[in-house]
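Numbering-wise, my numbering puts 198 at position 198 of the sequence shown, and it's gapless, one number per residue.
Don't be surprised by glycine CBs; every beta carbon is placed ideally from N, CA and C.
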Amino acid sequence: MQRIRVLVVDDHRIFAESLAAALAAEQDVDVAAAGSAPAALRTLDRAATDGRRFDVLLVDADLAAPLLAVPAQSAGPAREAVPRAVPRDGIALVAGLRTSHPSLRTVVLADRDDPRRAAAALQAGASGWVAKDCSLSRLLAVIRGVLRDETHLPPALLTGVLRELTAARKHRSESERLVESLTPREREVLRCMVAGLGRKAVAERLFLSPHTVRTHMQNVLGKLGVHSTLAAVALARRAGVGPVELEAAAAASVRVP
């Protein structure tokens, strides 16, 4: 019998432990519980290192984010772990795991039906959105279903989620068109803006004068049709524009005497 390894992540300890105990009663399920995003990341990393990866993650949509960053797993014994950002909620945790644990199936547990957040969860990489008060048999069906690459949503949410996804696709298409109007240099500047770099830091990274960077930033705002850096960053993210690597940016600013 092939066993299913499940990790329950919820900062309500009683709920997490109760759900874990109920799932553990199934003959083909091995289950563990974590009370926070950092604890979940440590558990997943440790399991991967031991060659016992989890198959399914059940995570609270409203998982509270602690204040401290979490050390990322180092790539080898000689390398130090690099701090990584703590996800702000369960959906953000799901998004982060797409890269670090791509084979992991994720299901978001929610207190209420919310088409907008359910759509966001699917966009983040979740395979399902399930009510916390659903029956154990329903939850087990979802767990087994997502392992067959199925997507599970409550029927009452389908119309709203499809509407949200359609709207998001439309906004993304328009955002992509605007970003494509930028020159290669302006796209570099935009990626620096997405990374949160100020004008001076952008100038150091791209070896430009602050005045030139200011001109590029103004051009970016004008071509994107927005009036603030915050709005430009939001549009860039909708278009799938990622930030520059900050470590690379720091290294680029170092001068060899």
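Cβ-based neighbour list, residue i, same chain, cut-off 6 angstroms, excluding 5 preceding and 5 following
| i | result |
| --- | --- |
| residue 121 | 91, 108 and 129 |
| residue 57 | 7, 104 and 106 |
| residue 118 | 129, 157 and 161 |
| residue 22 | 136 |
| residue 73 | Note that residue 73 has pLDDT 46, beneath the 50 cutoff, so the model's placement of it is unreliable and the number below is only indicative. Taken in chain order, the residues that qualify are 45. |
| residue 239 | 175, 176 and 179 |
Distance, residue j Cα to residue i Cα
| i | j | result |
| --- | --- | --- |
| residue 167 | residue 177 | 16 angstroms |
| residue 207 | residue 185 | 12 angstroms |
| residue 157 | residue 43 | 32 angstroms |
| residue 163 | residue 116 | 9 angstroms |
| residue 76 | residue 51 | Reliability of the predicted coordinates at residue 76 is poor, the pLDDT of 42 falling under 50, and no value is obtained from them. |
| residue 213 | residue 174 | 25 angstroms |
| residue 98 | residue 133 | 27 angstroms |
| residue 179 | residue 89 | 29 angstroms |
| residue 189 | residue 217 | 7 angstroms |
| residue 237 | residue 230 | 11 angstroms |
| residue 35 | residue 215 | 47 angstroms |
| residue 155 | residue 100 | 31 angstroms |
| residue 9 | residue 241 | 30 angstroms |
| residue 93 | residue 61 | 9 angstroms |
| residue 20 | residue 59 | 12 angstroms |
| residue 198 | residue 64 | 29 angstroms |
| residue 49 | residue 126 | 23 angstroms |
| residue 95 | residue 124 | 4 angstroms |
| residue 227 | residue 221 | 6 angstroms |
| residue 159 | residue 114 | 11 angstroms |
| residue 135 | residue 225 | 48 angstroms |
| residue 82 | residue 41 | Annotation note: pLDDT 37 at residue 82 (below 50); position unreliable, no value reported. |
| residue 46 | residue 53 | 9 angstroms |
| residue 182 | residue 165 | 26 angstroms |
| residue 149 | residue 24 | 23 angstroms |
| residue 234 | residue 146 | 31 angstroms |
| residue 55 | residue 144 | 10 angstroms |
| residue 112 | residue 205 | 45 angstroms |
| residue 110 | residue 245 | 33 angstroms |
Beta-carbon contacts of residue i that lie in its chain and below 7 angstroms, excluding the five residues immediately before and after
| i | result |
| --- | --- |
| residue 200 | 210 |
| residue 140 | 26 |
| residue 142 | 107, 128, 130 and 152 |
| residue 219 | 186 |
| residue 33 | 8, 16, 17 and 20 |
| residue 13 | 35 |
Bridge-paired residues (DSSP) for residue i
| i | result |
| --- | --- |
| residue 107 | 58 and 128 |
| residue 53 | Answer is none; residue 53 lacks a bridge partner. |
| residue 4 | 29 |
| residue 34 | 9 |
8 angstroms Cβ shell around residue i - same chain, five flanking residues per side excluded
| i | result |
| --- | --- |
| residue 28 | 1, 2, 3 and 4 |
| residue 232 | 190, 193, 220, 221, 224 and 226 |
| residue 11 | 35, 36, 60, 63 and 64 |
| residue 30 | 3, 4, 5, 6 and 24 |
| residue 138 | 130 |
Presumed contact (8 angstroms Cβ cut-off) between residue i and residue j, rounded CB distance
| i | j | result |
| --- | --- | --- |
| residue 243 | residue 195 | 3 angstroms |
Practice item. Would you list, in sequence order, the uninterrupted alpha helix (DSSP H) runs of no fewer than 4 residues that lie entirely inside the stretch 150–232? Key: 158–180, 184–194, 199–206 and 210–224
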